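Undergrad:
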Amino acid sequence: MIYDLSRAERQHRAIQKEKPGPVLESKQCPCGKNITARQLAQYGKCEHCRLTAGLEEGDLDKLLHMLGAAGNSAAKPGFRNHYLCNVQDRAAMERLVAAGLALAGEQLLQTQYYHATRDGCRAAGLDRSGIARALGAVL
Numbered sequence: 020m021i022y023d024l025s026r027a028e029r030q031h032r033a034i035q036k037e038k039p040g041p042v043l044e045s046k047q048c049p050c051g052k053n054i055t056a057r058q059l060a061q062y063g064k065c066e067h068c069r070l071t072a073g074l075e076e077g078d079l080d081k082l083l084h085m086l087g088a089a090g091n092s093a094a095k096p097g098f099r100n101h102y103l104c105n106v107q108d109r110a111a112m113e114r115l116v117a118a119g120l121a122l123a124g125e126q127l128l129q130t131q132y133y134h135a136t137r138d139g140c141r142a143a144g145l146d147r148s149g150i151a152r153a154l155g156a157v158l
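So the number in my numbering is just where the residue sits in the sequence shown, counting from 1, plus 19.
(1) Buried or exposed, going by whether 16 or more other CB atoms sit within 10 Å of the CB of A153?
(2) From the DSSP output, which residues share a beta bridge with I54?
(3) Which class does A60 belong to by DSSP, given the choice of helix, strand or coil?
(4) Between G97 and H31, what straight-line distance do the alpha-carbon atoms span, to the nearest angstrom?
(5) How is the alpha helix (DSSP H) around L104 delimited, first residue to last?
(6) Would you call the segment 125 to 139 and the segment 82 to 92 in contact, with 3 or more CB pairs under 8 Å?
Shown next, in the form of structure tokens:
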């Protein structure tokens, strides 16, 4: 076989012209969390901000309490997935239902039970095991 310098030179030049693969750059959501540039381009904000966009200030606290992810019980979140709502909290729970973060459950006299959905668990910041614990009791 005859050694062809031009062939080797062409290969060398082709290798030099190759571009490196895409890098997932870390961008910041308006809330300050780091997200990928792809998420920012697709949705304009992180998943947590997207899920909790239509909620008011205390609504997320009720969701955290519903899942057992607030206060002293935060060591093992998701051990509970119910919230017995009275008349004062009804508007907040209806906002959670409208956002797709909770479902209305059984009605008991003038109160009603609510349960978190998978999106509600993700908005509360539960990991996979916490979501499995929370949804195992309902679904």
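Yeah, the Cβ is synthetic: ideal placement off N, Cα and C, and Gly gets one too.
Predicted, not measured: the structure shown is a model, and the values here were computed from it.
TA: With the given structure in hand:
(1) buried
(2) K46
(3) Three-state result, A60: helix.
(4) 57 Å
(5) A small correction: the amino acid at residue 104 is Cys; Leu does not occupy that position in the sequence shown. Run containing C104: none in the alpha helix (DSSP H); it sits in the beta strand (DSSP E), Y102 to C104.
(6) The way I'd put it, the segment 125 to 139 does touch the segment 82 to 92; three or more beta-carbon pairs between them come closer than 8 Å.
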